[in-house]
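Novice: Numbering (mature numbering (1 follows the signal peptide of the UniProt record, and there is no 0)), first residue to last: -21 to -1, 1 to 544.
Got a structure for you, questions after.
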């Protein structure tokens, strides 16, 4: 069943996108470009921002650093937001102190292994053009045995793409890590890296993720073509697609002198190496580690992880790649059909430069890649049924980035209506819910419509006799504990207190006794097990009786609330 489901998903993704011969004008007609926030209602935009703010400001798990995020629905809506710090202030011993440089949507970050989503289509394009064959042995281009006699050189380019070389991931090699710590300004070559790698599986026996494979692909590209990989990236992808913030670090300068977010990580384990080599040491905690040079790390990343970008350009790349605009449907088809039928040890189904993930939604499949290396995390995923891109860039390595991604996705309104083949979506236009084809919806959104059903504004049915705190209510759940609102009655301000046993979105709204919503007290993401104290200024409400409703993913609680003079 899994293989059938995958084939059906691929057909949906591939048959609905434009041909590689489309012009820029064709693409823009199909997928109009929206400014930040257009297409999403104000409440949805606030909800998305509150998600990232809740992670940034969670006292139970302090977020050292910051992040930017973007949700983009092709031709319908676009939102981007940022929170936290691009660089935390530190004292002379590298301990974090208050304040820092803000993280904005224009802040650059290292996207690390999302770089592989560029390398894979480039390799496939060059193979189609005759630069090499996918079934060529890599020893034709790289003297594997001369560099490392312990490696099996009978590996094909195709097996590198599929993570089937059996080579260890160089990022896991402790001796290489020590060498980087000792010489952080050294510019590494793929051949130098390869000397540290081990053969951990027979060639072709298992599909196991290894960044070594994609660094070697870069070396093969340069050997076979005589052209630098950064020039290929720029000529084929960065410039044609208008990805102006992107650059290939170490080999290229920052083109616009934008702020690159400082890395925040705990690298105290390498303090003995730092002491021996006369470098600054770091506390045993997450902190700003920007005094540690990144030349060695970035040069090792190479075609497996050296690209730097802002969030908007990563989102644009995702949309362009999975629409067929970036490289054409033939290449995209090859990448998607390469996805393994079974998940790896991390639960991902690996393919050429991307993987299928179930970590964001238990219902919908997401295609893309993440990035995970010192000081930074990133995700870039595309949901083909919804044509939705989700991107997060953070300079805090301790971030639970998939929890953030899941929370952001859950905060997006459900907008698919009828069946997927019709590609119909729900929009709110002049207060009415409309189910219509995507191209028609985009025209109404351009006239002020918003994606998803209209915000809850009018009658909300509930029985007054049940509008009191009642643990036996049919809407109650053992997973949510609502301590209620206090003081009650209140005069000017009131505090709502609740705790959930499941992380997710939650909202508190006030309604008058006619069922009309009069205020949104809270709408955001909450962490499980944390008591939430929400303070509300009700001084402008007229005196009277109201119903407060707490809604979580598993429960609705209601309480009568009285405002007095």
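Ideal Cβ positions, reconstructed from N, Cα and C, are used throughout, including at glycine.
The model shown is predicted, which means the values in this text are computed figures rather than measured ones.
Given the structure, does residue 304 come close to the ligand ADP, in the sense that its CB is under 6 angstroms from one of the ligand's heavy atoms?
Specialist: Absent from the structure shown: the ligand ADP. Ligands present: none.
Novice: Where do the N-terminal and C-terminal ends of the beta strand (DSSP E) with residue 120 fall, by residue?
Specialist: Looking at the DSSP string, residue 120 is not in any beta strand (DSSP E), and its letter there is neither H nor E.
Novice: Contact check, residue 421 vs residue 21 under 8 angstroms by CB: the rounded distance?
Specialist: Not a contact, Cβ separation roughly 19 angstroms.
Novice: If you reduce the DSSP assignment to three classes, tell me which class residue 192 lands in.
Specialist: Residue 192: helix per DSSP, three-state reduction.
Novice: Going by DSSP, what residue range makes up the beta strand (DSSP E) through residue 50?
Specialist: Looking at the DSSP string, the run of the beta strand (DSSP E) that includes residue 50 is 45 to 52.
Novice: Using CA atoms only, rank isn't needed, just tell me which of 104, 89, 27, 287 is closest to residue 354.
Specialist: Comparing Cα positions, the closest option is 89.
Novice: Here's the rule: buried if 16 or more other CB atoms are within 10 angstroms of the residue's CB, otherwise exposed. What is residue 357?
Specialist: Under this definition residue 357 is a buried residue.
Novice: Ignore the nearest five residues each way along the sequence and tell me which others in residue 510's own chain have a CB closer than 7 angstroms to its CB.
Specialist: The answer, listed in chain order, is 476, 478.
Novice: Look up residue 67 in the DSSP assignment and say whether it is helix, strand or coil.
Specialist: Residue 67: strand per DSSP, three-state reduction.
Novice: Pick helix, strand or coil for residue 526, following the three-state DSSP scheme.
Specialist: Of the three classes helix, strand and coil, the one that applies to residue 526 here is strand, per DSSP.
Novice: Check each candidate in 504, 37, 518, 506 and name the one with the smallest Cα separation from residue 498.
Specialist: Closest option to residue 498, Cα to Cα, is 518.
Novice: Which residues in the same chain have their Cβ closer than 6 angstroms to the Cβ of residue 199, if we skip the five residues on either side of it in sequence?
Specialist: Only 120 meet the Cβ criterion.
Novice: On the DSSP bridge assignment, give the partners of residue 160 in chain order.
Specialist: Note: residue 160 sits in no beta bridge, so no partner.
Novice: For a quick check, are the C-beta atoms of residue 113 and residue 106 less than 7 angstroms apart?
Specialist: Taking 7 angstroms as the Cβ cut-off, residue 113 and residue 106 qualify as a contacting pair.
Novice: Closest by CA to residue 144, which one among 176, 164, 156?
Specialist: It is 176.
Novice: What is the DSSP secondary structure of residue 226, reduced to helix, strand or coil?
Specialist: Residue 226: strand per DSSP, three-state reduction.
Novice: Residues bridged to residue 22 by DSSP?
Specialist: None; residue 22 has no bridge partner.
Novice: Only counting the same chain, and skipping five residues up and downstream in sequence, which positions put a Cβ closer than 7 angstroms to that of residue 450?
Specialist: Confidence at residue 450 is low in this model, with a pLDDT of 31, below 50, so the placement of that residue should be treated as unreliable; the coordinate-derived value is given next. Taken in chain order, the list of residues that qualify is empty.
Novice: So if DSSP puts residue 546 in a beta bridge, which residue, or which two residues, is it bridged to?
Specialist: In this structure the chain extends from -21 to 544, so residue 546 is not present and cannot be described.
Novice: Buried or exposed: where does residue 108 fall if 16 or more other Cβ atoms within 10 Å of its Cβ makes it buried?
Specialist: Burial call: exposed.
Novice: Let me check understanding here. Comparing Cα to Cα, which of 149, 348, 75 lies closest to residue 551?
Specialist: The requested residue 551 is not part of the displayed model; the chain covers only -21 to 544.
Novice: When DSSP builds the beta bridges, which residues end up paired with residue 125?
Specialist: Paired residues: none, contrary to the question.
Novice: If you drop the 5 nearest sequence neighbours on each side, which residues of the same chain put their C-beta closer than 7 angstroms to that of residue 524?
Specialist: If we look at residue 524 and ignore the five residues flanking it on each side, its Cβ neighbours are 492, 539, 541.
Novice: Of the residues 383, 290, 472, which one's Cα is nearest the Cα of residue 237?
Specialist: Cα-wise, what sits closest to residue 237 is 290.
Novice: So, helix, strand or coil for residue 280, using DSSP?
Specialist: Residue state, collapsed to three classes: helix.
Novice: Report the partner residues of residue 346 according to the DSSP bridge assignment.
Specialist: Note: residue 346 sits in a beta bridge opposite 335, 361.
Novice: Could you tell me which residues DSSP puts in a beta bridge with residue 485?
Specialist: In the DSSP output, where bridge partners are listed per residue, residue 485 has 503, 531.
Novice: Tell me where the alpha helix (DSSP H) around residue 251 begins and ends.
Specialist: Counting along the chain, the alpha helix (DSSP H) containing residue 251 begins and ends at 250 to 255.
Novice: My guess is that residue 306 and residue 196 are in contact by the Cβ rule of under 8 angstroms, so how many angstroms apart are they, rounded?
Specialist: At roughly 16 angstroms, the Cβ-Cβ gap does not stay under 8 angstroms, so residue 306 and residue 196 are not in contact.
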